[in-house]
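Colleague: Pasting a structure below so you can have a look.
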Amino acid sequence: MTKTKWVGPAATLWFLLYGALGAAWALGAPGFPWGSGDPDGEISLLNWLTPGPGGWAITAFCLIGAGVTFAVTRSAMPVWPAWPLAAVLIFVVPDARILMGLGYTPLLVVGPLFGWAPEGLTFADAWPWPVVNQVLCAAGGLLLAATALRHRRRDDCRCATDWTRPEAVARWGRLAVYVAVAVPLFYSVTRWSWGLGIPLGVSERFLAEGEAEEPGIWQVGAYLATAGAVGCVLTLGLVQRWGEIFPRWMPGLRGRRVPPLLAIIPAGVVSIAVTVTGMSYVRVALTGEIDITMWGTWLPSAFWPLWGIGLAAATLAYHLRRRPACPHGLPALSTTG
């Protein structure tokens with residue numbers, strides 16, 4: 378527990394600093410990341426905000442968040458008020474562009490070495506300030522959530538409830554991994570097909586027009602699908618022994634225990650990004666006109682919230698297996714055999 382003692386003060390500091398930033402925007406400082414400050418923010422739920430009222434609303438929200446975090450840290454109030462505040466920062470503020478940035482970053486790093494980076498695409502394009510701001514807000518939400526988890530009241534311990542016992546965790550954790558692997562593979566199959574010129578779920582005209590408007594677009598889509606498939610393989614590590622013990626083919630690491638955060642942090646970040654992106658896709662699909670015959674453009678993405686939830690559940694199961702002994706004297710969960 379002492380190793381995470383810093384999360385409460387860090388969360389309080391985050392709210393105070395971001396609240397000050399909101400006040401600065403309200404007073405005319407540049408950089409407001411919504412509305413006119415985000416020309417590509419059509420998919421954002423907060424694109425209607427303006428600097429004046431929006432800035433003061435941010436300041437008020439952050440003052441509430443700082444107060445809740447400080448009180449929870451001091452055990453002066455229950456933790457439940459922290460959850461809706463964290464949910465706003467993690468699931469309402471971000472949009473699909475975080476996942477786009479995560480997908481394009483490896484391409485921008487490795488692509489130039491092989492001469493196949495997208496022409497004209499830069500890190501500034503993948504990570505403009507409004508998207509970086511979303512990452513900062515999600516980080517604040519995670520700090521608040523971590524504070525709430527750490528400061529649950531002693532008489533509300535959940536270390537050994539039925540759903541966290543080893544046999545239960547093994548069961549629902551494995552099911553969650555299967556979901557988190559199946560959904561992105563469904564998406565990947567369609568994008569690989571398009572990259573090969575096969576109109577799976579779309580028309581040949583759709584593929585031709587897309588290639589004419591943006592040459593190489595389907596090859597980039599195939600790359601992103603491949604990145605998703607690699608993620609599927611890594612997801613399997615959440616229930617496999619090699620996800621807890623480095624395998625023999627890794628010199629210098631073989632036989633050593635995998636640090637839990639090495640899996641938990643990236644899996645948690647991706648689960649949030651995927652869930653938010655999936656919710657954006659579903660919202661766009663529900664508010665627009667769907668061509669049933671062009672199911673390849675919308676059906677795989679419609680399952681992305683399920684992917685994100687599955688990955689989050691799989692990550693939680695991994696955490697429950699790898700966490701140390703319960704601070705209240707209950708035994709720790711067994712690891713994967």
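Residue numbering for the sequence shown follows this note's numbering, beginning at 378 and increasing consecutively.
Here a beta-carbon is modelled for each residue, glycine too, at the ideal position from N, C-alpha and C.
Look up R634 in the DSSP assignment and say whether it is helix, strand or coil.
Modeller: R634: strand per DSSP, three-state reduction.
Colleague: Can you give the Cα-Cα distance for L485 and L479, rounded to whole angstroms?
Modeller: The straight-line gap from Cα to Cα measures roughly 10 Å.
Colleague: Can you list, in chain order, the residues of its chain whose CB lies under 6 Å from that of L476, leaving out five sequence neighbours each side?
Modeller: Taken in chain order, the residues that qualify are A650 and T654.
Colleague: Looking at G608 and V647, is the spacing between their C-beta atoms short of 8 Å?
Modeller: Taking 8 Å as the Cβ cut-off, V647 and G608 qualify as a contacting pair.
Colleague: For T723 versus G412, is the C-beta spacing smaller than 8 Å?
Modeller: The question about residue 723 has no answer, for the chain in this structure spans 378 to 714.
Colleague: Got a sec? Which residues, its chain only, sit under 8 Å from R530 by beta carbon, not counting five neighbours each side?
Modeller: Below a pLDDT of 50, predicted positions are generally treated as unreliable, and R530, at 45, falls in that range; no measurement from the model is reported.
Colleague: Going by DSSP, which residues form a beta bridge with I622?
Modeller: Beta-bridge pairing links I622 to R634.
Colleague: Relative to the alpha-carbon of P396, which residue among C514, I575 and A599 has its alpha-carbon at the smallest distance?
Modeller: The sequence as given places Gly at residue 396; Pro does not occur at that position. Nearest of C514, I575 and A599 to G396, Cα basis: C514.
Colleague: For G355 and I435, which I take to be in contact (beta-carbon distance under 8 Å), what is that distance rounded to the nearest angstrom?
Modeller: This structure cannot settle anything about residue 355, because the visible part of the chain is limited to 378 through 714.
Colleague: Below 8 Å, how does it come out for the region 443-452 and the region 518-526: are there three or more Cβ pairs, yes or no?
Modeller: Counting Cβ pairs under 8 Å, three or more are found: they touch.
Colleague: Do V560 and A694 come within 8 Å of each other at the CB atom, strictly closer than that value?
Modeller: No, these two residues do not count as a Cβ contact at 8 Å.
Colleague: Which same chain residues, not among the five before or five after G385, have their C-beta less than 6 Å away from its C-beta?
Modeller: Excluding residues within five positions, the ones whose Cβ falls inside 6 Å are T450 and T524.
Colleague: CA-CA distance, P401 and C439?
Modeller: This sequence places Ala at residue 401; Pro is not what is there. Rounded to whole angstroms, A401 to C439 spans 13 Å at the Cα level.
Colleague: Helix, strand or coil for Q596 per DSSP?
Modeller: Helix.
Colleague: My guess is that A459 and L521 are in contact by the Cβ rule of under 8 Å, so how many angstroms apart are they, rounded?
Modeller: Indeed they touch by this definition, with Cβ atoms about 5 Å apart.
Colleague: Measuring CB to CB, does L324 end up less than 8 Å from A644?
Modeller: This structure cannot settle anything about residue 324, because the visible part of the chain is limited to 378 through 714.
Colleague: Pick out whichever of L390, L466, F392 and A473 has its Cα sitting closest to the Cα of I420.
Modeller: For I420, the nearest C-alpha among the options comes from A473.
Colleague: Span of the alpha helix (DSSP H) holding G408?
Modeller: Counting along the chain, G408 falls outside any alpha helix (DSSP H), and DSSP gives it neither H nor E.
Colleague: Of the residues A689, A599 and P592, which one's Cα is nearest the Cα of L573?
Modeller: That would be A599, whose Cα lies nearest to the Cα of L573.
Colleague: Can you check whether the CB of L611 is closer than 8 Å to the CB of R568?
Modeller: Contact flag unset, no.
Colleague: Label W681 either buried or exposed according to how many other C-beta atoms from any shown protein chain fall within 10 Å of its C-beta, with 16 as the threshold for buried.
Modeller: By the 10 Å Cβ count, W681 comes out buried.
Colleague: How would you call M627, buried or exposed, if buried means at least 16 neighbouring beta carbons within 10 angstroms?
Modeller: Burial call: exposed.
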